[in-house]
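Chemist: What follows is a single structure, and I will ask about it in a moment.
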Amino acid sequence: MRRTAVVAILAGGALLAMLPLLRLPAFYESILYLALHWIVLATSWNILSGYSGYFSFGHGAFFGAGVYATAVLAGKFDWPFLATLPVAAAVATALGLALGAVVFRVRAVRGELFALLTLAVTFVLATIVLNTSIDGGPGVYLSAVPVPRIAPTQPGTFYLLALAAAVLALLAAYLVQHSKLGVGLFAIHDDEDAAEVMGVPTFRYKLAALAISCALAGLAGGVHAVFISYVTTGEVFSITVPLTVVLMSVLGGTRHWAGPAVGATVITALLYAFTKGDLALTGKATTGAVLIAAILFMPQGIVPRLLQRSPIPRRATARPNAVAAATSRAPAIATPSGAVLLRATGVAKSFAGVQALAGVDIEVRSGEILGLIGPNGSGKSTFINVVSGHYPTSAGSIEFDGREIAGLPAHRIARSGIARTYQIPRPFAHLSVRDNVAAAAMFGGAALSTARARIEAEHWLEFTGLAAKADVLPDALNLHQRKFLELARALASRPRLVLLDEVLCGLNPSEIDEAVGLIRRIRDAGSTVIFVEHVMRAVLALSDRIVVLNHGLLLAEGPAAQVLQRPDVMTAYLGTMHAARA
Amino acid sequence: MNPNSFWRSAVAAMSLFALAATAQAQAPVRIGSTLALTGPLSATAQIHKLVGEIYVEQLNKRGGLLGRPVEWIVKDDQSKPDLARTLYEQLITADKVDLLMGPYATGAILSAMGVAQRYDKVLVHHTMGVPSLAKYDMQFPAWSLGADPGNTVPNTVFSALAAAGKTPKTVAIVTSKFPSIHFMSLGAREVAKKLGVQEVLFLEWEFGNRDFGPIAARVKDAKPDFVWVGAIGLDGNLLLDAMKKIDYSPPLHFHLYPAPGPMVQSADANGALSVTIFEDHPPFNTPPVAAEFTKTFRERATKANLPETAVDTQAAASFTAWQILEAGVVATKSLDDKAIAAWLKKNKVPTIQGVLRFDGPNNFGDDLMRVKQVQNGRWVVVFPPDVAAPGVKLVTK
Amino acid sequence: MTWPSWNLLAQSALSGLFVGSLYGLIGLGLGLSWGLLRTINLAHFAFTFAAAYLCYQLSTQGGFDPLLTLLVIAPLFFVVGAALHWVMTRFEVSPFNSLLLTFGLTAIIEAGIQAIWSADFRRLESSYGQQKFKVGDLFVPVPELITLVMSAGLALALWAVLRHTDLGKSMRAAAQDAPIAAAFGVNQRALGLLLAGTCAALAGVAGVCLSLSFTLAPSQIYTWIGVVFATVMMGGLGTALGPLIAGVVIGVSEALTMAVTAPSWAPIVSFTLLIALLLLRPGKT
């Protein structure tokens, strides 16, 4: 399946590369150059911003970096034009990586703050270029730069260069979308924190997407510098590039690799269609009207709308039979039963003065189901969050299978074989149920390839009874189903330790029974389970041992029936008066 | 042969020839160009559209070019140099126009120049602000800046001041970093230094700056005798506004390329100096061609609701460009670009600016920039004396 | 570099304060609709300029006092803004799609402005333009003062409404979680229309203030987008005082830079400051 699209892109590119041989009037090569140029810019923007949701308003900065890299090298240092292009891409990438390395670590800078920051970077870069000898004011004159004769005509050469860049961009967008990187980016788009805890190396992936995006933008910039042959900061760093790439991508569809290209072609065609002198103003107004109509009637973008209506069946997802799937599953790595799998020592966590955990020592033995109970606010969910890496610890150590995991980034913790569910389900809203589970299989401890992960997902959907809903989006599920989706996701990564956070809350009695059976089967298959619960009959039915937390401290620990009879435990739950009456 | 049939054949043949000749004569001469009809540059480009329309109309009334009517194909480059380049390629390779006319402003002209060079087309242009970048030998400027305006224009300005007995002792040079402005202001610094005028302030702002308060305050603080404002479009007005707000009126101030309309309408601009190649008063508008043009332009500009209806540098340069092109075609009796270019290089062309030559560096001839001043709500040329408006002198406060 | 006089610094800072308050005034409606209505309204800039041109036209042709034109302009744009919002809700336009839609609208409005008033520069010469006060040694020009007063006044008024009135609280609730707010009886439809109309009316006010101080040209619509977006994002979406404060910070820091060194370096100071603030301030989570 992947091969056909790649082959199609390459074949299309090869076919279009023959165009200069037709010896058409040079103007066609130039106008196609412009369309291809915008395809590269829009597609490259989308690889970061469309896929991951990190809306960048600074694509102009990376484009401009490429433009000026070529302008300075070719215009002032007489480098050959083609030799400047890799440097242009490299300069833009370096700028992007430097920016990303700092910004992506700061949790608070997401959404519109990231957009603002990238916009600010553009202004800063423009000012630096304007005030230093990179440009300094007069602009850089490039008409004298010799353009190699790749095609019979000069516009033809630019056309071929842009075509090569566009093929690169489309290939990159396609391959990213269909790779683990793409799944990870889409997961980041929907819920970055959940993705990180599930095992997606979010920092690395965001940087990768940004690097690819910048490299392509820089390349496009380098080529464009010599096309326009006179480069000024006012033109290069205007609001046009950052704004237009967003419009093109949104118009075409941001979740599809071909979306921005379609949007770019449509908008370039529109802008060009009205260049006759007497149509200038009417043309502008008509372009505006067309854009409005397009977005009102195609809110997902053009490409998704076209795909919806196409009679060609969507990429058929593999439907292997469950037996094959079951047997393809390797047995979970089993630590000898009874050995300590997780050891938390003196674990503390405070949030700006509120001490959620005040030094807790808990041991979890391999193969057991440990119930973690306590009144509200006792620190149970915080404990889960800290073990899974959702929050860093304030103090203490956590050893998992002998290795220290406190302080590791959450995705590394997930990789080592720990999975969790969320009390309020946090599925990835734009991924199908199957893809939600497959993502966990790709990024968790199992670390399967994309293809095998989808097969693995089928198994877990069967296991949790969601097979019929595999292709729907999570918001079509009811609460019970969403809870089971959380479970399926947690299990798909073949964890050695599963952390269940109030998975039964909100379920009716028969659903609770079903869930209890499921949890038992999970343990029987080889995973260790810590589960946080309020539903006491489930705690009694499932737990081998329970641990009681109160005000962030360990209150009691031992077999369920005994612990629940203890007066201090009852006091903690019910308050003194009631406990006295009991 | 039967004499009747001979004559019949002869008449038939002659009719055919006449028909063919007429058809040939009727095929219009197509001249193509782009203008920034939309986008940030459209404020000034609309003047060029109007002038082009007027010229082509009048040209056709006079019999067109080489006995054929002239058709002007103008496209909107939306103020984008990359689109300008593409459209010029379209004009040449797809629309196959006979001749080219230049677009508006330096960036687009450079784009067009590259295209013209690849196809060996002659390019007459009217608004090239950086002569040193015009390296194509078949391009011809209608805006007579001279080959070294960074040097000659400031010299003219200071000469004008000297002639009025007002050589300043101190000068403040404040300028935008817009390419066609910046190098001129740097030239002004050099000229001031050579003339022994002390530079008390030098400031540069980025094109698009909105807040001129601090700059105005710094100029006021520096107390210069003379302020050189390297401004284009709105900047000069914004600076004057800002100066007025802090109660500062420079004793003498010069603006490089202000938007003429707003400047003349603003009360604080009285006495502002600038440069021009043409103004709508004698002696510029006395010759018949100029007189007719200025009259027609005024009428049409008023009808088009343009705020400024007098011919000035932009309109005059535009008109001149058409005059140059026509002269080349008429003199060589052809539409052959190489022949036209060769002729223009070796000959002088009379235009409403004066007689122009193109044999200097980069085909730029004389610097014909005159110094003008806002007096009583009008721009009037004050220097050199032979072209100054009758009875007008440079006034200072 | 000679250190400038206190008077120069103070006058420059004042100048920055004024231009910053205009950024804040333009940004006020933009930020509120972005934060509370989830609409990224690029057409806000087109509304501002359309209002500026209308004010210019009514003042120069009709002889009205520019501030009086607000009586016509504010209601007119209120209706326009509400209508636009109605379209957005009817088609359930998402935030990014609203960017595209309003861009289209901006192109149409820009073309309209150019068709009516030509692309040339227009400057409103009003009686306010001639007036100024002197506070100590500092000059306070009246048009700028009007802008500052409008900006601060409207920001404070809106802040008070959003903070302390039921109406405001309902709006904020609806923005945070519409279905729940509806369950509590908040009429989201009506509130949305009211808010959208108000934001557009604010654009109208901004336009009138703009026309008092600046020269107008249709393409100028785009030159304000960058800095006002920065103002809004920096001040916080959906807040009333945020854009004003952010605008003033940007304006003053740029003005002080211009007073002290080469003015062409000005953007670097304000935006580096902004970047530093974003990276260093304590995280929201």
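Residue numbers (our numbering), protein chains in the order written: chain E, 5 to 586; chain B, 2 to 398; chain U, 131 to 415. Ideal placement from N, C-alpha and C gives every residue a C-beta, glycine not left out.
1. Can you pull out the residues from the region 9-36 of chain E whose beta carbon lies closer than 9 Å to at least one beta carbon of chain B?
2. For the region 127-143 of chain E, which residues have a beta carbon sitting closer than 9 Å to at least one beta carbon of chain U?
3. For chain U, check one thing: does any of its Cβ atoms lie closer than 8 Å to the Cβ of residue 182(B)?
4. If distances are taken between C-alpha atoms only, which option among 331(B), 322(B), 286(B) and 166(B) comes closest to residue 311(B)?
5. Measure how close the beta-carbons of residue 88(E) and residue 98(E) come, nearest whole angstrom, since I'm counting them as under 8 Å.
6. Between residue 184(U) and residue 284(U), which are expected to be in contact by the criterion C-beta below 8 Å, what is the C-beta distance as a whole number of angstroms?
7. Shortest alpha-carbon distance to residue 409(U) belongs to which of 528(E), 125(E) and 468(E)?
8. Would you kindly check if the distance between the Cβ of residue 288(E) and the Cβ of residue 76(B) is under 8 Å?
9. Rank 138(E), 134(E), 131(E) and 142(E) by C-alpha distance to the C-alpha of residue 1(B) and give the top, closest one.
10. Which runs of the alpha helix (DSSP H) fall wholly inside the region 266-297 of chain E and span at least 4 residues, in chain order?
11. For residue 333(B), which of 95(B), 113(B), 56(B) and 67(B) has the nearest alpha-carbon?
12. Of all Cβ atoms in chain U, is any one closer than 8 Å to the Cβ of residue 573(E)?
13. With C-beta atoms as the reference, is residue 392(E) less than 8 Å away from residue 503(E)?
14. Is residue 373(B) close to chain U? Criterion is C-beta to C-beta, closer than 8 Å.
15. Taking a contact to mean a Cβ-Cβ separation below 8 Å, would you say residue 344(U) touches residue 262(B) in this structure?
16. Could you tell me which chain U residues have their CB closer than 7 Å to the CB of residue 41(B), listed as they occur along the chain?
17. Taking only beta-carbon atoms, is residue 116(E) less than 8 Å away from chain U?
18. Taking the straight line between their C-alpha atoms, what separation do you get for residue 576(E) and residue 212(U)?
19. Could you name the residues of chain U that residue 248(B) contacts, counting a contact when the two beta carbons are closer than 7 Å?
20. Can you tell me whether residue 482(E) is buried or exposed? The criterion is at least 16 other CB atoms within 10 Å of its CB, across all chains shown.
21. Please report whether the beta-carbon of residue 275(B) lies at a distance below 8 Å from any beta-carbon of chain U.
22. If you follow the beta strand (DSSP E) that residue 258(B) is part of, which residue opens it and which one closes it?
23. What residue range is occupied by the uninterrupted alpha helix (DSSP H) comprising residue 391(E)?
24. In terms of alpha-carbon separation, which member of 282(B), 328(B), 42(B) and 145(B) lies closest to residue 389(B)?
25. How far does the alpha helix (DSSP H) with residue 463(E) in it reach, from first residue to last?
26. Relative to chain B, which residues along the region 278-292 of chain E have a C-beta separation below 7 Å, given in chain order?
27. Where does residue 351(U) fall in DSSP's three states?
28. What's the C-alpha gap between residue 276(E) and residue 255(U)?
29. Consult DSSP for residue 277(B) and reduce its assignment to one of helix, strand or coil.
30. Classify residue 316(E): buried if its beta carbon has 16 or more other beta carbons within 10 angstroms, exposed otherwise.
31. Whole beta strand (DSSP E) runs in the region 37-77 of chain B with 3 or more residues, listed along the chain?
32. Does residue 262(U) get closer than 8 Å to chain B when you measure Cβ to Cβ?
33. Any Cβ of chain U within less than 8 Å of the Cβ of residue 299(E)?
34. According to the Cβ coordinates, are residue 126(B) and residue 103(B) closer than 8 Å?
35. Here's the rule: buried if 16 or more other CB atoms are within 10 angstroms of the residue's CB, otherwise exposed. What is residue 296(B)?
36. Assign residue 141(U) to buried or exposed, taking buried as 16 or more other Cβ atoms, counted over all protein chains shown, within 10 Å of its Cβ.
Modeler: The answer reads as follows:
1. Close to chain B, meaning a Cβ-Cβ distance shorter than 9 Å, are the following residues of the region 9-36 of chain E: 28, 29, 30, 31, 32, 33, 34 and 35.
2. Here the close residues are 127, 128, 130, 131, 132, 134, 135 and 141.
3. Translated into the one-based positions of the second sequence, residue 182(B) becomes position 181. No Cβ of chain U is located within less than 8 Å of the beta carbon of residue 182(B).
4. Indexing the second sequence from 1 puts residue 311(B) at position 310. Minimum Cα distance to residue 311(B) is reached at 286(B).
5. As a first step, residue 88(E) must be located in the first sequence, where it is residue number 84. As a first step, residue 98(E) must be located in the first sequence, where it is residue number 94. At roughly 15 Å, the Cβ-Cβ gap does not stay under 8 Å, so residue 88(E) and residue 98(E) are not in contact.
6. On the third sequence, position 54 is the one that residue 184(U) refers to. On the third sequence, position 154 is the one that residue 284(U) refers to. Between the beta-carbon of residue 184(U) and that of residue 284(U) there is about 19 Å, and that puts the pair past the 8 Å contact cut.
7. Taking the third sequence and counting its residues from 1, the one referred to as residue 409(U) is at position 279. The candidate whose alpha carbon is nearest that of residue 409(U) is 125(E).
8. For the purposes of this step, residue 76(B) is taken as residue 75 along the second sequence, with counting starting at 1. For the purposes of this step, residue 288(E) is taken as residue 284 along the first sequence, with counting starting at 1. Cβ distance not < 8 Å, so residue 76(B) and residue 288(E) don't count as in contact.
9. Lying before the first or after the last residue shown, residue 1(B) is absent from chain B, which here runs from 2 to 398.
10. List check, alpha helix (DSSP H) in window: nothing returned.
11. Here residue 333(B) refers to the residue found at position 332 when the second sequence is read from its first residue. Residue 67(B) is the option with its Cα nearest to residue 333(B).
12. Residue numbering aside, residue 573(E) sits at position 569 when the first sequence is read from its first letter. So no, residue 573(E) is outside the interface.
13. For the purposes of this step, residue 392(E) is taken as the residue at position 388 of the first sequence. For the purposes of this step, residue 503(E) is taken as the residue at position 499 of the first sequence. Yes. Within cutoff.
14. Here the question's residue 373(B) lines up with position 372 in the second sequence. Under the Cβ criterion of 8 Å, residue 373(B) is not counted among the residues facing chain U.
15. Counting from 1 along the third sequence, the entry for residue 344(U) is found at position 214. Counting from 1 along the second sequence, the entry for residue 262(B) is found at position 261. Not a contact, by the Cβ cut-off of 8 Å.
16. In the second sequence, residue 41(B) corresponds to position 40, counting from 1. Near residue 41(B) (Cβ distances below 7 Å), the residues of chain U are 349.
17. Working through the first sequence from its first residue, we reach residue 116(E) at position 112. A Cβ of chain U is located within less than 8 Å of the beta carbon of residue 116(E).
18. As a first step, residue 576(E) is located in the first sequence; it is residue number 572 there, counting from the start. As a first step, residue 212(U) is located in the third sequence; it is residue number 82 there, counting from the start. Their backbone Cα atoms lie some 55 Å apart in a straight line.
19. Along the second sequence, read from residue 1 onward, the residue named residue 248(B) stands at position 247. For residue 248(B), the chain U residues whose C-beta falls within less than 7 Å of its own C-beta are 269, listed in chain order.
20. As a first step, residue 482(E) is located in the first sequence; it is residue number 478 there, counting from the start. Residue 482(E) comes out exposed.
21. Reading the second sequence from its first residue, position 274 is the one you call residue 275(B). Residue 275(B) does not count as touching chain U.
22. Taking the first residue of the second sequence as position 1, residue 258(B) is located at position 257. Note, residue 258(B): beta strand (DSSP E), 254-259.
23. Locating residue 391(E) in the first sequence gives position 387, where the first residue counts as 1. Counting along the chain, the alpha helix (DSSP H) containing residue 391(E) begins and ends at 384-392.
24. Here residue 389(B) is taken as the residue at index 388 of the second sequence, counted from 1. Nearest to residue 389(B) by C-alpha distance, out of 282(B), 328(B), 42(B) and 145(B), is 282(B).
25. Reading the first sequence from its first residue, position 459 is the one you call residue 463(E). Residues 454-467.
26. Those would be 279, 280, 281, 284, 285 and 288, in chain order.
27. The residue you call residue 351(U) lines up with position 221 of the third sequence. In the structure shown, the three-state DSSP call for residue 351(U) is helix.
28. Position 272 of the first sequence holds residue 276(E). Position 125 of the third sequence holds residue 255(U). Near 38 Å, if we compare the C-alpha coordinates of residue 255(U) and residue 276(E).
29. The count along the second sequence starts at 1 and reaches residue 277(B) at position 276. Strand, per DSSP.
30. Along the first sequence, one-based indexing puts residue 316(E) at 312. Here the model assigns residue 316(E) a pLDDT of 47, short of 50, so the residue's position is not dependable, and the following value carries that caveat. Its Cβ having fewer than 16 others within 10 Å, residue 316(E) is exposed.
31. Listed in chain order, they are 71-77.
32. As a working mapping, residue 262(U) is identified with position 132 in the third sequence. Taking 8 Å as the CB threshold, residue 262(U) lines the interface with chain B.
33. Within the first sequence, the letter at position 295 stands for residue 299(E). Output row for residue 299(E): interface = yes.
34. Position 125 of the second sequence, counted from the start, is the residue given in the question as residue 126(B). Position 102 of the second sequence, counted from the start, is the residue given in the question as residue 103(B). Their beta carbons are under 8 Å apart, which means residue 126(B) touches residue 103(B) by this criterion.
35. As a first step, residue 296(B) is located in the second sequence; it is residue number 295 there, counting from the start. By the 10 Å Cβ count, residue 296(B) comes out exposed.
36. Here residue 141(U) refers to the residue found at position 11 of the third sequence. Here residue 141(U) is buried: its Cβ has 16 or more other Cβ atoms, across all protein chains shown, within 10 Å.
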